[in-house]
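Going by my numbering, the final residue of the sequence shown carries number 178, and the count climbs one at a time with no gaps. Glycine residues also receive a C-beta, built at the ideal position from the N, C-alpha and C atoms. Since this is a predicted model, take the numbers as computed values, not measurements.
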Amino acid sequence: MCHSHGKGAFLAILAALSILYSPAASAQTGTIEQTFVASLTALPTENLAVSGAFYVPVYSSVSMSHGKLRADFSVTLSVHNASETRPLVLKRVAYFDTSGKMVESYLKSPVALKPFATVEVFIPANDVRGGTGANFVVDWAATGEIAEPAVEALMVGGIGAGHYAFISQGRPIRIIKN
1 MCHSHGKGAF LAILAALSIL YSPAASAQTG TIEQTFVASL TALPTENLAV SGAFYVPVYS
61 SVSMSHGKLR ADFSVTLSVH NASETRPLVL KRVAYFDTSG KMVESYLKSP VALKPFATVE
121 VFIPANDVRG GTGANFVVDW AATGEIAEPA VEALMVGGIG AGHYAFISQG RPIRIIKN
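Right, dumping it as structure tokens:
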């Protein structure tokens, strides 16, 4: 899903995103716990009977023109609790580079998302630590049957006059029902 610079509406969206996700506007210095306090609730006291993990491929850099050019992209990872009634516990949100080395962990300890709430991790375009084969792993849990979380990443960037935005959807890599 690649869009080029020829679309006026798309440019307006990109302009809004660039303002919304500029380093000054982003919460790069805050943690998920600090930045998304309104999306969080108390951790459940009941046993976490269901758990799973998502793998999300992301692209902080993309090689173009037969490897002669590189486009750097900002990355916004979004984790949505798709349940209307149960909290979703996030146990790990970790960022890995092309070689599989963990670059950063975004949670100090588990957090619980309110029903229908969302948290995000933003990586600015000038942070190319992940490289062309970066990825996130998101480990989650719940106290019982729950709608599977929606986990995806939005990449936004450009090269020259061209602007590009695309989404990468998370893929479940394990689900365990105790």
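Considering only the beta carbon of each residue, do residue i and residue j sit closer than 8 Å?
i    : j    : result
L77  : A125 : no
I32  : V103 : no
S39  : A141 : no
F73  : Y59  : yes
G158 : A71  : yes
Alpha carbon to alpha carbon, what distance is there between residue j and residue i?
i    : j    : result
V151 : V121 : 11 Å
A27  : I123 : Note that A27 scores 39 on pLDDT, short of 50, meaning its location in the model is unreliable and no value can be drawn from it.
S137 : V79  : The sequence shown places Val at residue 137, rather than the Ser named in the question. About 11 Å.
Y55  : V75  : 15 Å
G131 : A94  : 15 Å
N47  : G162 : 50 Å
T45  : T143 : 9 Å
Answer with buried or exposed for residue i, where buried requires no fewer than 16 other C-beta atoms within 10 angstroms of its C-beta.
i   : result
L69 : exposed
Can you pull the DSSP bridge partners for residue i?
i    : result
H80  : T118, A150
N180 : Here the chain has residues from 1 to 178 only, and residue 180 is not among them.
R129 : Its beta-bridge partners do not exist; DSSP assigns none.
G157 : F73, Y164
Could you give the DSSP three-state label for residue i: helix, strand or coil?
i    : result
T35  : helix
A142 : strand
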